[in-house]
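In our numbering, the protein residues as written are 34 to 262. Cβ atoms here follow ideal geometry from the backbone N, Cα and C, with glycine treated the same way. None of these values were measured; they are calculated from a predicted model.
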Ligand SMILES: C[S@@+](CC[C@H](N)C(=O)[O-])C[C@H]1O[C@@H](n2cnc3c(N)ncnc32)[C@H](O)[C@@H]1O
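Structure follows, in structure tokens:
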């Protein structure tokens with residue numbers, strides 16, 4: 034009788050399979066050697082697993098909301114047991130960006146988040162920015178990958194349709210405007226460093242924590258007054 038050697042079924046995102054390689058190449062260029070990285074909204078964990086296979090010497094901390102944490106942990110545990118990792122992959126943390134007490138206290142070299150700003154409520158995006166600013170070392174990087182609006186306009190027909198589809202499903206969802214994110218980020222001490230085009234009309238926004246900016250207190254409420262955020 035055949036012995037079952039396959040991994041247990043885990044959450045799987047086809048989009049992650051398509052975008053993980055280009056994102057990985059970008060991270061290779063931007064992340065510091067030996068950097069500690071906090072990932073927000075790790076989802077299926079495919080990105081965390083792949084990046085820890087491909088990039089060496091990092092310490093990668095995945096995280097998710099409480100209700101999906103167990104699914105994420107399943108993949109992370111399997112990846113850790115595989116012996117195929119070139120970086121340290123940490124046990125996932127429960128982090129809802131809206132809950133300052135769930136954010137870790139230790140400093141990170143980078144915060145990475147893919148495809149989350151259009152899924153989390155518009156009111157959560159400032160909390161993501163403020164939380165990242167709090168945990169980043171001076172000079173640390175926030176990297177946001179996904180589809181974004183530009184000056185409140187979609188950059189492609191597919192992004193326009195995706196935005197409409199999201200807002201119909203849940204009015205709290207929708208593509209966020211890259212320029213508005215940059216303006217809000219500036220108010221918590223994150224300076225825009227790059228806005229890089231990625232395949233399939235996606236982008237990576239890279240923001241750096243300004244060493245001259247003071248620390249943001251936890252729970253800081255930022256104004257949400259921007260029409261297309
Ligand atoms: C489309 S999935 C992206 C998952 C993964 N990063 C990827 O690229 O496949 C959006 C993720 O955002 C997470 N998310 C939504 N609201 C959040 C919040 N308030 N705090 C943290 N994560 C949140 C969801 O749990 C989900 O995993």
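Pick from the options: whose alpha carbon is nearest that of residue i?
i, options, result
"residue 159", "141, 132, 185, 171", "132"
"residue 127", "72, 121, 143, 88", "72"
"residue 65", "90, 107, 48, 85", "90"
"residue 165", "207, 177, 183, 210", "177"
"residue 112", "101, 93, 175, 145", "93"
"residue 108", "120, 99, 100, 95", "95"
"residue 69", "137, 58, 78", "137"
"residue 207", "192, 67, 221, 115", "192"
Taking the alpha helix (DSSP H) that residue i belongs to, which residues open and close that run?
i, result
"residue 200", "190–202"
"residue 212", "211–219"
"residue 152", "From DSSP, residue 152 is part of no alpha helix (DSSP H); its letter is neither H nor E."
"residue 164", "158–168"
"residue 109", "102–114"
"residue 55", "47–63"
Are there 16 or more other CB atoms within 10 angstroms of the CB of residue i, so buried, or fewer, so exposed?
i, result
"residue 190", "exposed"
"residue 202", "exposed"
"residue 122", "buried"
"residue 210", "buried"
"residue 272", "The question about residue 272 has no answer here: the residues shown for the chain are numbered 34 through 262."
"residue 139", "exposed"
"residue 174", "buried"
If you follow the beta strand (DSSP E) that residue i is in, where does it begin and where does it stop?
i, result
"residue 94", "92–94"
"residue 72", "69–72"
Taking the alpha-carbon positions, what's the residue i to residue j distance?
i, j, result
"residue 141", "residue 216", "22 Å"
"residue 49", "residue 194", "20 Å"
"residue 169", "residue 204", "31 Å"
"residue 74", "residue 149", "6 Å"
"residue 117", "residue 185", "42 Å"
With a threshold of 8 Å (Cβ to nearest heavy atom), would residue i be considered close to ligand 1?
i, result
"residue 234", "no"
"residue 191", "no"
"residue 229", "no"
"residue 129", "yes"
"residue 246", "no"
"residue 57", "no"
"residue 152", "yes"
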